[in-house]
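Visitor:
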Amino acid sequence: MPLSSKGVQGVKDVLNGFVNDGAPGLVFSAVDKAGNTLVEYAAGTVGVESKEEMNKDNTVFWIASCTKLVTAIAALQRSLDDAEFVKKITPEIKEKKVYADGVTPADQEKDVTVRMLLSHTAGFAYGFIDPRIPQDGSIEGRGGDKNDILNGRLVNQPGSMWEYGTNLDWAGIIVERVSGQTLGGYFAEHIFAPLGISADGASMFPSQNNLAHMHQRGPDGQLKEREHLFNGPFSVTSKDQQNAFFQSGGAGLYAKPKEYVKILGAILNDGTSPTTGKQILKETVDLMWENQIPDQLPLDFFSLRGSGQEFGRDPGVLPSAYLNNRPDFARSGAAPANPELVNQVPEFYPQPGNPPQGWGFGGFLTIEGGPSGRGPNTLWWMGLCNCFWWIDRARGVAGMLGAQVLPNGDPKVIPAWFMCEKTIYDNLE
1 MPLSSKGVQG VKDVLNGFVN DGAPGLVFSA VDKAGNTLVE YAAGTVGVES
51 KEEMNKDNTV FWIASCTKLV TAIAALQRSL DDAEFVKKIT PEIKEKKVYA
101 DGVTPADQEK DVTVRMLLSH TAGFAYGFID PRIPQDGSIE GRGGDKNDIL
151 NGRLVNQPGS MWEYGTNLDW AGIIVERVSG QTLGGYFAEH IFAPLGISAD
201 GASMFPSQNN LAHMHQRGPD GQLKEREHLF NGPFSVTSKD QQNAFFQSGG
251 AGLYAKPKEY VKILGAILND GTSPTTGKQI LKETVDLMWE NQIPDQLPLD
301 FFSLRGSGQE FGRDPGVLPS AYLNNRPDFA RSGAAPANPE LVNQVPEFYP
351 QPGNPPQGWG FGGFLTIEGG PSGRGPNTLW WMGLCNCFWW IDRARGVAGM
401 LGAQVLPNGD PKVIPAWFMC EKTIYDNLE
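Taking full-length UniProt numbering, the leading residue of the sequence shown gets 1, the next gets one more, and so forth.
1. Under the assumption that Gly399 contacts Val261 (Cβ atoms under 8 Å), give the Cβ distance between them as a whole number of angstroms.
2. Would you mind working out which of Asn167, Pro407 and Leu253 sits nearest Ser119, comparing C-alpha positions?
3. Alpha carbon to alpha carbon, how far is Thr272 from Val405?
4. Alpha carbons only, please: which of Val175, Glu49, Pro257 and Lys412 is nearest the one belonging to Lys224?
5. What would DSSP say about Ala23, mapped onto helix, strand or coil?
6. Short check: CB of Pro194 to CB of Ile280, under 7 Å?
7. If you compare alpha carbons, which of Met1, Asn243, Gly102 and Val86 is closest to Tyr186?
8. Is Thr423 helix, strand or coil when you go by DSSP?
9. Starting from the Cα of Ala416, find the closest Cα among Gln9, Asn291, Gly17 and Met1 and give me that residue.
10. Measure how close the beta-carbons of Val86 and Thr113 come, nearest whole angstrom, since I'm counting them as under 8 Å.
11. State buried or exposed for Gly25, treating a residue as buried only when at least 16 other CB atoms are found within 10 Å of its CB.
12. Compute the distance between the beta-carbons of Lys88 and Tyr41, then report whether it is under 7 Å.
13. Can you tell me whether Ser29 is helix, strand or coil according to DSSP?
14. Taking Arg393 as the reference, which of Gly265, Gly353 and Met382 has the closest Cα?
15. Measure the C-alpha to C-alpha separation of Asn325 and Thr121 and round it to an integer number of angstroms.
16. Could you give the C-beta distance for Arg217 and Asp410, rounded to a whole number, given that I count them as a contact under 8 Å?
17. So, for Leu268: in the same chain, excluding its five sequence neighbours on each side, which residues have a beta-carbon less than 6 Å away from its beta-carbon?
18. What are the start and end residues of each continuous beta strand (DSSP E) run of 3 or more residues lying completely inside the region 374 to 422, in chain order?
19. Nearest-angstrom Cα distance between Val345 and Ile414?
20. Just curious, the beta strand (DSSP E) that Arg217 is in, first and last residue?
21. Would you report the Cα separation of Gln108 and Gly358, rounded to the nearest angstrom?
22. Take residue 430 and list the residues in its own chain whose beta-carbon comes closer than 7 Å to its own, dropping the five residues that flank it on each side.
23. Under 8 Å by Cβ, that's how I've got Val175 and Arg115 pegged, so tell me the actual separation to the nearest angstrom.
24. Between which two residues does the beta strand (DSSP E) harbouring Lys224 extend?
25. Taking the Cβ atom as the reference point for each residue, do Trp381 and Ile293 lie within a distance shorter than 7 Å?
26. Quick one: using the 10 Å Cβ neighbour count with 16 as the cut-off for buried, is residue 439 buried or exposed?
27. Output the boundary residues of the beta strand (DSSP E) element that contains Trp359.
28. Quick one: residues in its chain with C-beta nearer than 6 Å to the C-beta of Asn210, no 5 flanking neighbours on either side, listed in chain order?
29. Taking 8 Å as the limit between beta carbons, can you name the residues of its chain near Pro319, skipping five residues before and five after?
30. According to DSSP, is Phe124 helix, strand or coil?
31. Would you list the one or two residues that DSSP bridges to Trp62?
32. Under the assumption that Leu341 contacts Leu384 (Cβ atoms under 8 Å), give the Cβ distance between them as a whole number of angstroms.
33. Buried or exposed: which applies to Lys68, given that a residue is buried once 16 or more other Cβ atoms fall within 10 Å of its Cβ?
34. What is the DSSP secondary structure of Thr113, reduced to helix, strand or coil?
35. Distance check for Asn36 and Lys278, CA to CA, integer angstroms please.
36. With C-beta atoms as the reference, is Leu183 less than 7 Å away from Gly249?
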């Protein structure tokens, strides 16, 4: 399924246009089910204060929550979905209380399962999103301390509602304890090597030589370079230091888009690399397209905050929340706890008519086809610094856009991602 020359040029024009209009440097890569590259292109420079050009072959990005897909693959490889096993391998979870109002501890009503962790229904949240988590508003685990995760609290009853959080960090810890390897070591042996991903193509501990610079977009809309948010790995040099450093299954990877799409291509090809012939997932690959968010799942915390109610202050908030059924669980537009990291965005992938939304293992599901041209049950997600990926099983296309800018929900990068995707679908031959 090749992309026409018009389509290739169209993607390049989109990327150049948005960079010229205020987006940071961008790198884009897309493949088909056979592993053929549809288009690869780099636009702009590695930083707004740099003259060094982005390079589609060499530039490395902190991909943040795009790590979650890789962790989900690792967990599915190990077939870990058993509540008794989770209690045995991570007794810290079973000991936790639930702070639904942010103040009052309650016992867990259900046991946490790996399925809950992979679908963000286990009850964990992120402190930079949810103010019920007492911390400084930064990302848990960024300094390499596993206690950031181990000491994190539950804020929802396990299995009761969807909320984005440190769930995949816990899944990564489980993979480490089961395999006896560090998470990065497990990724390298069981996912990256079979797919032909080089050591510098995806890693928890990147070289700083080819890193794209991180940016902050201010309230005035201007970009400025800033330090990398997840910079703890930069000071880790020895193997012993790496082994002691927390390797985050939720946000720890650095990668090149052209290497990351090898993972997307394998998932697109039913778990087998179309280029190396190696299999990373068997029948469990189908679970990635099973919606884990049933229609009866209650209103999530993001939507509740958007309603003007406050946990712990408005009587009856929790009962009213549980009466509100939300198949469109991610259409809240609620203000985040830390606006320096996350913009208030009503919806990342708007669809006419607001059809139901879903969550598979590893990412968001657009259950119905979308305006960019993607087919039904497309799996997609993003990283905090405005990296985006998608896997369209129906139309046989997958791709990734790399950027390095905060807050998440950048007004220049989101439309660039959408238009690159649309240009591809409009020009498939």
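We put the beta carbon where it would ideally sit given N, CA and C, even for glycine. Values in this document were obtained by computation on a predicted structure and should not be read as measured data.
Guide: On the basis of the data shown:
1. 6 Å
2. Asn167
3. 33 Å
4. Glu49
5. coil
6. yes
7. Nearest option by C-alpha distance: Asn243.
8. helix
9. Taking only the C-alpha atoms, the option nearest Ala416 is Gly17.
10. Distance from Val86 to Thr113 at the Cβ level is roughly 6 Å; contact confirmed, criterion being Cβ atoms closer than 8 Å.
11. buried
12. no
13. strand
14. Gly265
15. The pLDDT assigned to Asn325 is 32, lower than 50, so where the model puts this residue is not dependable; a value taken from the coordinates is nonetheless given after this. Their Cα atoms are separated by approximately 15 Å.
16. 6 Å
17. Counting only Cβ-Cβ distances below 6 Å, and skipping sequence neighbours, we find Lys33, Ile391 and Ala398.
18. 378 to 383, 387 to 392 and 397 to 402
19. 11 Å
20. Residue range Met214 to Arg217 is occupied by the beta strand (DSSP E) that includes Arg217.
21. About 25 Å.
22. Limits of the chain in this structure are 1 at one end and 429 at the other, which puts residue 430 out of reach.
23. Going by Cβ atoms, the distance from Val175 to Arg115 rounds to 15 Å, so no, they are not a contact pair.
24. Here the beta strand (DSSP E) through Lys224 covers Leu223 to Arg226.
25. In this structure, Trp381 keeps its C-beta atom at 7 Å or more from the C-beta atom of Ile293.
26. Any answer about residue 439 is impossible in this case: the structure gives the chain only from 1 up to 429.
27. Gln357 to Gly360
28. Asn58, Thr59 and Val60
29. Bear in mind that a pLDDT of 31 at Pro319, under 50, signals an unreliable position, so the model cannot answer this.
30. strand
31. Tyr254
32. Confirmed, about 6 Å.
33. buried
34. DSSP, read as helix, strand or coil, puts Thr113 in coil.
35. 16 Å
36. yes
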